[in-house]
Amino acid sequence: MRRSKYEKIVKELKSYDDIERVARKYSLDPETVLVIYTQKMIRSTMKNFHRAKARVNELARRWSSGERIVDLAREYNLPPVVMGNLVLTQAGLSRREYNEVLRDPEKIRDESLRREIEDILRNDPLYSPKGNAVQRRRGHLGEARIKEWLDRYGIEYLREEELRGEGKKTPDFLLKEPIEYRGEKVHWIESKGTFGDSYELRRNLTKQLKPYLELFGSGMAVYWYGLLDEIPMIDGIIILPGDEFLAWNPRK
-11 MRRSKYEKIV
-1 KELKSYDDIE
9 RVARKYSLDP
19 ETVLVIYTQK
29 MIRSTMKNFH
39 RAKARVNELA
49 RRWSSGERIV
59 DLAREYNLPP
69 VVMGNLVLTQ
79 AGLSRREYNE
89 VLRDPEKIRD
99 ESLRREIEDI
109 LRNDPLYSPK
119 GNAVQRRRGH
129 LGEARIKEWL
139 DRYGIEYLRE
149 EELRGEGKKT
159 PDFLLKEPIE
169 YRGEKVHWIE
179 SKGTFGDSYE
189 LRRNLTKQLK
199 PYLELFGSGM
209 AVYWYGLLDE
219 IPMIDGIIIL
229 PGDEFLAWNP
239 RK
C-alpha cells in the first residue's frame, strides 16, 4: 500500500463506525481496515491515557451528568473500554467488578448502566472480550496458514513452543533446513497478524526480527494484513505480505 493512501486511511478512521465506510471507499477488506484502526488505537492509548487519567474526576462528573462514555472516549481518542475503566472505577466499581460486567453485561441490574456497558462493548473492537478473542484468532490463523504451507511442501520445522526451553527469543517457525527466496536463505519464518506500517516494522525489528537474525541467521516475516510499499530493505530479513507468501513456491 502506498504511504499516501495509508495516511489518508488512518486520518479518516476516527471511530469504529468508520471502518466499513473507509473499506468501501478504498476498496479494501474490512478486516484489513479494522487491523489498521486497532493499531492506531493502541498507539493512541499509549499517548493519551495519562492525560485522561489526570482528569478522571472531571470525566466521572460529566458521565454522571449524562454524557456517554463512548463520546468521552472519542474526545480523548481512547478505546471505550479504557475510558470506561477510568470513569466507572472512579464512580465506585472495582476493577474486578468492571471486568466481570464486561464479560457478562446481563448481570447488571441497573438498566442505564447495562446499556452503557453494551454501548462500550459494541464500539470497542480492541479491548472488549470479543475484541481480545478476535485478535487471538487472527494470530492463530496466520500461524496455521504458515504451518499448512510448510507441510504442503514437506518443509520440516520446529515450533516456537518447542524452542522456548532453550531460553532464547524464538520465531514462530525455525526451519530444520533453510529454503531460498530469490537467492536468500530463509532459516525461520515469523507470522504477523498486523499491518506492516513504519511504526510496526520498527517495533518488530527491535524486539524480535533482529534478535532472530543474530541467533538463527536470515529469515522472513509475513504480514497477513499487508504492508507499506516503501519499506526499506533489511539485510537478512525478508518482509512479505501474506498474499505474496502464499503464492510463493519454494520448490521452483
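Quick note: the sequence shown, position 1, residue -11 per the working numbering, numbers continuous.
Backbone N, C-alpha and C define an ideal beta-carbon position, used for all residues, glycine too.
Closest in C-alpha terms to L228, from the list Y213, R239, K240, comes Y213. The alpha carbon of V122 has as its nearest neighbour, out of T20, R12, F233, the alpha carbon of T20.
The segment 106 to 118 makes contact with the segment 68 to 75; the number of CB pairs closer than 8 angstroms reaches 3 or more. For E178, the enclosing beta strand (DSSP E) covers residues 172 to 180. Annotation for G207: the continuous beta strand (DSSP E) segment containing it runs 207 to 211. Remark: C-beta atoms of L90 and P113 do not approach each other more closely than 7 angstroms. Looking at the backbone, the Cα of K157 and that of K28 are separated by about 27 angstroms. Shown here, Y141 sits in coil according to DSSP, grouped into three states, outside any helix or strand. A direct Cα-to-Cα measurement between L16 and M(-11) gives close to 11 angstroms. Per DSSP, P166 is one residue of the beta strand (DSSP E) stretching across 161 to 169. Contact between H175 and L193 is absent: CB atoms are separated by about 17 angstroms, not below the 8 angstroms threshold.
Boundaries cannot be given for L81, as no beta strand (DSSP E) includes it and DSSP labels it neither H nor E. In this chain, P199 is not harboured by any beta strand (DSSP E); it is covered by the alpha helix (DSSP H) spanning 198 to 204. Here L215 is bridged, per DSSP, to G184. For the pair of segments examined, the segment 23 to 39 was found not to touch the segment 128 to 147: the number of CB pairs separated by less than 8 angstroms stays below three. With fewer than 16 other Cβ atoms inside 10 Å of its own Cβ, N237 counts as exposed.
Around the Cβ of G171, a 10 Å sphere holds fewer than 16 other Cβ atoms; the residue is exposed.
In the DSSP assignment, I227 falls within the beta strand (DSSP E) that extends over 225 to 229. Here L146 carries a strand assignment [DSSP, helix/strand/coil]. Within its own chain, the residues whose Cβ lies closer than 7 angstroms to the Cβ of D217, once the five positions on either side in sequence are excluded, are M(-11), R(-10), listed in chain order.
DSSP, read as helix, strand or coil, puts I(-3) in helix.
Here the C-alpha atom of Y(-6) lies approximately 38 angstroms from the C-alpha atom of S52.
Under DSSP, I222 forms a beta bridge with I225. For I30 and E188, the gap between their C-alpha atoms comes out near 11 angstroms.
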